[in-house]
Amino acid sequence: MPNSDEAKIKRHQFRSDTPENRKSKKGFYRERQPFNTRKQINHLLHTTICRKQERGVSKMNQEVRDLLDQYTDSLKAWLPPELIAGSFLYGSLALGAYEEGRSDIDFLTVLSRDVTEGESKTIQSIHDDLRNHPLGKKMDGMYITESDLGKRNSEIAPYLFCQEGEIKRGHWDINAVTWFILKCKGIPLVGEHAVLQYQIGWDEVRKEMEYNINGYWKSKLNKQYLFLTDEWVEFAVCTVARILVTLEREDIVSKSEGLLSAGELVSTRWSPLFHEAVNLRMGKSGTSRMRRSIKTNQFLKEMISVCNERYFSG
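Here you go:
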């Protein structure tokens, strides 16, 4: 199982995809998948686990909306009105890919200034109350001052963050992917997008993906034993598929969308592995652990090579 440090990378391992904007990928793997395999994966994702939601709070299921209403009401009731400059959703909810029972509720609340010790305790109390809600422990988020928006963790003093509904102080889910989703697709709970006064370009996201591929995932190639577990097989295949599709489209996609679309970009020999990942996401038992461990390792090696050749070569 990924440890707590790896969990931060796990979360985001990490422009509209139109024919006009898409570049030709000469020499890339575009061998067409057998129709029945693609159709089966599509059906499994969209009818069983994906259930993609339209973006916007009004389109979310009632349980999520109730939690978010309780959260925003608490912010307004218990904290000084001038302190909260805005609060936004990012992650799967912002990508329209929230999966009931699986996805976190990712948020970022923008502060006009640093919180006092008393305000910090109040925020802790707010989240303690929210943990009584069925989805309260699914809340993951950060409290960032306006002056720190768009910066990296290394440039920011420790801040309040929420992990599984608990408030801590330190550094959490700040990276180029976070800033890109927030800026381009964030859903406002409090305030307006005008609060997000920072710049983020695709090149910064691409560099984040390059670190994930050549730093994190390359380091796992000599740890094939990891892929004997269901979690690591699902994690590796879904995350790297997501990175591949994100780089291809130059737009951040969810893991489900990545898994759905990656089959159109790579060799058909990876179709059984994609099918395996779909089954694992559905909670079904997998095939031979040793065989899929080898296949997952081979998949990673090939995708690292493809990404470096097509997206990171200058």
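Under UniProt numbering, the sequence shown has 93 at position 93, and the numbering climbs by one with no breaks.
Quick reminder that beta carbons are idealized off the backbone N, C-alpha and C, glycines included.
Per-residue burial, T178 [other beta carbons within 10 Å of its own, 16 or more giving buried]: Counting Cβ neighbours within 10 Å, T178 comes out buried, since at least 16 surround it.
Cα-Cα separation, D298 to F107: Asp is not the amino acid found at residue 298; the sequence shown has Gln there. Answer to the nearest angstrom: the Cα atoms are 36 Å apart.
From V205, Y159 and I84, residue whose alpha carbon lies closest to that of L247: For the options V205, Y159 and I84, the alpha carbon positioned closest to that of L247 is the one of V205.
Nearest-angstrom Cα separation, counted from T287 out to E276: Here the alpha carbon of E276 sits roughly 8 Å from the alpha carbon of T287.
Coarse secondary structure for N36, derived from DSSP in three states: Because N36 sits at a pLDDT of 46, beneath the cut-off of 50, its placement in the model cannot be relied upon, and the following sentence gives the value as read from the coordinates. In the three-state reduction of the DSSP assignment, N36 falls in the helix class.
Rounded distance between the beta-carbons of I243 and F88, thought under 8 Å: In this structure F88 is not in contact with I243, their Cβ atoms being roughly 24 Å apart against a cut-off of 8 Å.
Local Cβ density within 10 Å of W217, reported as buried at 16 or more and exposed below that: W217 counts as buried, since no fewer than 16 other beta carbons sit within 10 angstroms of its beta carbon.
Three-pair Cβ contact test at 8 Å for the region 108–116 versus the region 70–85: These segments touch.
Residue from I105, A77 and W78 with nearest C-alpha to E63: For the set I105, A77 and W78, the Cα lying nearest the Cα of E63 is the one of I105.
Status (buried if at least 16 other CB within 10 Å, exposed otherwise) for E117: Exposed: under 16 other Cβ atoms inside 10 Å.
Beta-carbon spacing of G165, G136 below 9 Å: One thing to note: G165 has its Cβ within 9 Å of the Cβ of G136.
Bridge-paired residues (DSSP) for C238: None; C238 has no bridge partner.
Continuous alpha helix (DSSP H) stretch holding T122: start and end: E117 to L130 is the span of the alpha helix (DSSP H), which, as asked, contains T122.
Nearest to R281 (by Cα), restricted to the options I181, R249 and E234: Minimum Cα distance to R281 is reached at E234.
Residues bridged to P188 (per DSSP): According to DSSP, P188 bridges with F88.
Cβ pair I304, I213 closer than 9 Å: In this structure, I304 lies near I213, with their beta-carbon atoms less than 9 Å apart.
For E100 and I123, the rounded distance between their alpha carbons: C-alpha of I123 to C-alpha of E100: approximately 26 Å in a straight line.
Beta-carbon proximity check, A241 vs L259, cutoff 9 Å: Cβ atoms of A241 and L259: closer than 9 Å.
C-beta atoms of L67 and S120 nearer than 9 Å: Going by C-beta atoms, L67 is not nearer than 9 Å to S120.
Chain-order list of residues whose beta-carbon lies under 6 Å from that of Y311 (same chain, five-residue window excluded): Same-chain partners within the cutoff: L247.
Cβ neighbours of L182 in the same chain (closer than 7 Å, five flanking residues each side left out): For L182, where only same-chain residues beyond five positions count, the Cβ hits under 7 Å are F88, Y90, L108 and L196.
Straight-line Cα distance separating A97 from G150: One C-alpha to the other measures close to 24 Å.
Top-ranked residue by Cα proximity to I144, from R131, R113 and K138: When each option's Cα is compared against that of I144, the closest is R113.
Inter-residue Cα distance where the pair is M290 and S147: Taking the straight line joining both Cα atoms gives about 50 Å.
Proximity winner among D140, H127, F180 and M139, relative to R152 (alpha-carbon distances): When C-alpha distances from R152 are compared across D140, H127, F180 and M139, the shortest belongs to F180.
For G108, three-class secondary structure by DSSP: The sequence given here places Leu at residue 108; Gly does not occur at that position. In the displayed model, L108 falls within a strand according to three-state DSSP.
Distance between beta carbons of W202 and E250, contact taken as under 8 Å: That belief holds up - the Cβ atoms of E250 and W202 are roughly 6 Å apart, short of 8 Å.
Alpha helix (DSSP H) segments (min. 4 residues) lying fully within the UniProt domain "Adenylyltransferase AadA C-terminal" (236–303): Every alpha helix (DSSP H) stretch that sits fully inside the UniProt domain "Adenylyltransferase AadA C-terminal" (236–303) and reaches 4 residues is listed by chain position as 255–262 and 271–281.
Spatial neighbours of A176 in its chain, beta-carbon cut-off 6 Å, leaving aside the 5 residues before and after: Hits under 6 Å: E204, V205 and E208.
Per-residue DSSP class, three states only, for L160: Of the three classes helix, strand and coil, the one that applies to L160 here is strand, per DSSP.
Contacts around Q199, its chain only, beta-carbon distance under 8 Å, and the 5 residues preceding and following it disregarded: Once the five neighbours on either side are set aside, the close Cβ partners of Q199 are G150.
Under the three-state DSSP convention, the category F312 falls into: Coil at F312, not helix or strand.
Contact belief for L189 with T296 at Cβ below 8 Å, rounded distance in angstroms: The pair is not a contact, with the Cβ atoms about 38 Å apart (cut-off 8 Å).
Residue burial classification, S92 (beta-carbon count within 10 angstroms, cutoff 16): That one is buried.
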